[in-house]
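Q: In my numbering, the protein residues as written are 2 to 319.
What follows is a single structure, and I will ask about it in a moment.
Shown next as structure tokens:
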């Protein structure tokens, strides 16, 4: 490998290992693309540029926060999610009318854990809860809290809770919570993962008397979560979000087909709902989209039932 190529290659490897912000890293890689024609005449300038970009990347990474840790509004309602478990409606009732429960000494759940297969709508359920409660929605992914830099994860957890506590009502949603909430062992004690989990546990314990904040976690792997997360007073409500029933699948298909020029009746969708047992809501949404793509490919202004059937066959679900 050419000497200058080695310089650029080494930079990229280092950046991928140490730099947490992918968006900025992409910009840096694009800048490096301008240095493609490297020769001995511009060697010094290239080396200086590479190290300047690396320093810039490290500074940006140290101050950046997860892109998804932010306030987000959602128009979703209960009617948009057919087949939603009854426990979800009860949670909303708790949050909206906590005073009535307090009168009889009932303690409102502080944390809700949603678990189930991928694509079953756990994120959508969290958004519905926030919208129905009239609360601000703060969303983050568990993997965003764990970095190679010591102390970054706990700091991000604290910042997220501090933002939410400033709102009149807030729902914090942490997707893929198993990324920071997995079982700890002796070898993990003191590392960044354990420190981040400890900070999350501290934050959950810290708002036990608050009636304006609800934390929702989501995972596909309930079995690997640390028991400390699941004890009463933390994530003390566990709700399974499974694949939809036939009635729910029909409602989902009707909802998404209403958004496209579908030329078919309820009977055709009923047949399709029967044939898609075990499909998640996300898979059904993708099915409708693939059907619309097939209609567009044949230059049609309408989506036929056959388009959906062909899309189903192409997706190779068994």
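Even for Gly, the Cβ is constructed at its ideal location relative to N, Cα and C.
Would DSSP call residue 67 helix, strand or coil?
A: Since pLDDT at residue 67 reaches only 45, below the 50 mark, its modelled position is unreliable, and the value read off the structure follows with that caveat. It is coil, neither helix nor strand.
Q: What does the alpha-carbon distance come out to for the pair residue 292 and residue 243?
A: So the alpha carbons of these two residues sit roughly 25 Å apart.
Q: Could you pull the start and end residues of the beta strand (DSSP E) that residue 198 belongs to?
A: Unbroken run through residue 198 is the alpha helix (DSSP H), 193-207; no beta strand (DSSP E).
Q: Could you check whether residue 277 and residue 285 sit closer than 8 Å to each other, using their CB atoms as the reference points?
A: Contact: yes.
Q: Once the 5 residues before and after residue 64 are set aside, which same chain residues still bring their CB inside 7 Å of it?
A: Note that residue 64 scores 43 on pLDDT, short of 50, meaning its location in the model is unreliable and no value can be drawn from it.
Q: Determine the extent of the beta strand (DSSP E) in which residue 241 is found, giving its start and end residues.
A: Counting along the chain, the beta strand (DSSP E) containing residue 241 begins and ends at 236-241.
Q: If you compare alpha carbons, which of 308, 89, 131 and 115 is closest to residue 213?
A: Ranking 308, 89, 131 and 115 by Cα distance to residue 213 puts 131 first.
Q: How would you call residue 219, buried or exposed, if buried means at least 16 neighbouring beta carbons within 10 angstroms?
A: Classification for residue 219: buried.
Q: Would you mind sorting residue 123 into buried or exposed? The rule is 16 or more other CB atoms within 10 Å of its CB.
A: With 16 or more other Cβ atoms within 10 Å, it is buried.
Q: Take the Cβ of residue 224 as the centre, count every other Cβ of all protein chains shown within 10 Å, and call the residue buried at 16 or more, exposed below.
A: So residue 224 counts as exposed.
Q: Which partner residues of residue 264 appear in the DSSP bridge assignment?
A: According to DSSP, which records beta bridges pairwise, residue 264 is partnered with 305.
Q: Tell me the rounded alpha-carbon separation between residue 206 and residue 101.
A: Residue 206 and residue 101: Cα-Cα distance of roughly 23 Å.
Q: Is it the case that the segment 256-265 contacts the segment 228-236, given that we only count it when at least three CB pairs across the two stretches are under 8 Å?
A: With the cut-off at 8 Å, the segment 228-236 and the segment 256-265 do not touch.
Q: Determine the closest residue to residue 217 out of 265, 77, 94 and 126, with distance taken between C-alpha atoms.
A: Nearest option by C-alpha distance: 126.
Q: So what does DSSP say about residue 131, is it helix, strand or coil?
A: Looking at residue 131 - three-state DSSP - the assignment turns out to be helix.
Q: Taking the alpha helix (DSSP H) that residue 258 falls in, what are its first and last residues?
A: Run containing residue 258: 247-258, per the alpha helix (DSSP H) assignment.
Q: Please list, in chain order, all residues of the same chain as residue 95 whose beta carbon is under 7 Å from its beta carbon, the five residues on each side excluded.
A: Hits under 7 Å: 102, 109 and 110.
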